[in-house]
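Throughout the sequence shown, residue numbering follows our numbering, covering 284 to 406 in sequence.
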Amino acid sequence: MSFLLFALFVTGAANANVTDEDFVARKTQNLLNLCTASPQDPHYREAIHFCHGYLVGAYHYYQAQTEEKQESKLFCPPEPKPSRNESIAMFISWAKTHPQYMNEMPVETEFRFLTEKWPCINK
Numbered sequence: 284m285s286f287l288l289f290a291l292f293v294t295g296a297a298n299a300n301v302t303d304e305d306f307v308a309r310k311t312q313n314l315l316n317l318c319t320a321s322p323q324d325p326h327y328r329e330a331i332h333f334c335h336g337y338l339v340g341a342y343h344y345y346q347a348q349t350e351e352k353q354e355s356k357l358f359c360p361p362e363p364k365p366s367r368n369e370s371i372a373m374f375i376s377w378a379k380t381h382p383q384y385m386n387e388m389p390v391e392t393e394f395r396f397l398t399e400k401w402p403c404i405n406k
């Protein structure tokens, strides 16, 4: 019986549910929790949609602000650009290897990733 309880505890810890705090997205860790939610999480759909909406929304705002100001661009993605899903997967992988940014605002970490991944060579 104790083995069964232990197995349930370990499985539950491995697939920890997202929290209400994650949806406030004060820290990069919150956003990463949403972006990596398990399909078994009761809030999986909301978490993934929030993740994509947050990251894409910040990116689109940046695009609108720099559309006609080439000299002010922080990063220069390749052509053709990776798909949204590919870009988000790259961000997740990068964020997991940079734990020092987990307490920063997610938008700061997103743009750290973008500027590191695709620096503008001819700025």
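Every residue gets a Cβ at the ideal spot worked out from N, C-alpha and C, and that includes glycine.
Note that the structure is a prediction, hence the values are computed from the model and not measured.
Of the candidates P389, P365 and W401, P389 places its Cα closest to the Cα of R309. Of all alpha-carbon atoms in F333, P325 and R328, the one lying nearest the alpha-carbon of V307 is that of F333.
Exclusion of the five residues before and after P360 leaves W401 as the residues of its chain whose Cβ lies within less than 7 angstroms of its Cβ. DSSP places N300 outside both helix and strand once states are collapsed to three, so it counts as coil. Taking 7 angstroms as the cut-off, the Cβ atoms of V339 and A320 do not count as close.
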